[in-house]
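Asks: The sequence shown begins at 5 in the numbering used here and counts up one residue at a time.
Ideal Cβ positions, reconstructed from N, Cα and C, are used throughout, including at glycine.
Below is a structure I'd like to ask you about.
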Amino acid sequence: KEGTTGAVIVQTDTDGDGVIDAYDDCPAVSGSLDNSGCPVIAAPEDAPAAPTRDASTVVSIFSDAYTDITSTFAPAWGQATTSTEETIAGNKVKKLSNFNFVGFDDLGGSEANRVSIADVTYVTFDYWTPNGTILKLKLVDYGADGVWEQASNIEKMVTVTEAATTETWTNIVLPLSDFDTLTADGKLGQLIFDGGAGTETFYIDNIYFY
């Protein structure tokens, strides 16, 4: 017990960064940020290029350039990801720290307002990461009625990149044909980013269908 005769603080330093585990906020990851033992994580200083696509063709999930449809970001699905919204160069972005997965639920806010697969051809977003590698995107099809039913929902996950470009904004455009299990008359109810190991950081912006 601390304070008793002969008590000592164990000097183990698992990650070898000079900060012992007893005082290290990130004992398995080398770093020394503010002597916390956590690594310094770079952040973008600029915003991604503003989208220029005609708003009449867009169903926006998250973007300053368009009016977003109703959705719930980062519901409690048991993810490790810490999700915050930050303003960088006057532009709002989603920051995903300790990333393993996170998503948008209840797209459209009701069955009648889901994203209709028949009305869109592509899904796009911008990302910036200092240390990410694998990034995946999952879409969840609620069926023609737009109602969430776990037994009948159809999911498809696509690997966006297995070697993410670091410290620069990268635009990703995926044809919905890549999500080949979704039904043509289906309604999308969830959009989920996946693939992290719980240690990476991603910044995400301009998420929309067109």
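Between Lys142 and Asp198, which are expected to be in contact by the criterion C-beta below 8 Å, what is the C-beta distance as a whole number of angstroms?
Replies: Approximately 6 Å separates the beta-carbon atoms of Lys142 and Asp198; this is inside 8 Å, confirming the contact.
Asks: Kindly indicate the opening and closing residues of the beta strand (DSSP E) around Thr9.
Replies: Premise fails: Thr9 is in no beta strand (DSSP E) and is neither H nor E.
Asks: Considering only the alpha carbon of each residue, which of Gly20, Asp25, Thr165 lies closest to Ile13?
Replies: Asp25
Asks: Please tell me whether Ala168 and Thr128 are closer than 9 Å, where the distance is taken between their beta carbons.
Replies: no
Asks: Is it buried or exposed for Asn39, if we count other Cβ within 10 angstroms and need 16 for buried?
Replies: exposed
Asks: Can the beta-carbon of Thr205 be found closer than 9 Å to that of Asn95?
Replies: no
Asks: Just the Cα atoms here: how many angstroms apart are Lys98 and Thr9?
Replies: 50 Å
Asks: Any idea if Trp81 is buried or exposed, counting beta-carbon neighbours within 10 angstroms, 16 or more meaning buried?
Replies: exposed
Asks: Tell me, to the nearest whole angstrom, how far the beta carbon of Val177 is from that of Tyr131; I am working on the premise that it is less than 8 Å.
Replies: Actually they are not in contact, since the Cβ atoms of Val177 and Tyr131 sit about 12 Å apart, beyond 8 Å.
Asks: Identify the continuous beta strand (DSSP E) that holds Val127 and give its terminal residues.
Replies: 126 to 132
Asks: Considering only their Cβ atoms, is the gap separating Gly202 from Phe108 smaller than 9 Å?
Replies: no
Asks: Measuring alpha carbon to alpha carbon, tell me which residue in Tyr214, Asp184, Lys140 is nearest Ile208.
Replies: Lys140
Asks: Please work out which residues of its chain come closer than 8 Å, Cβ to Cβ, to Ala148, disregarding the five sequence neighbours upstream and downstream, and give them in chain order.
Replies: Thr187, Asp189, Gly190, Lys191
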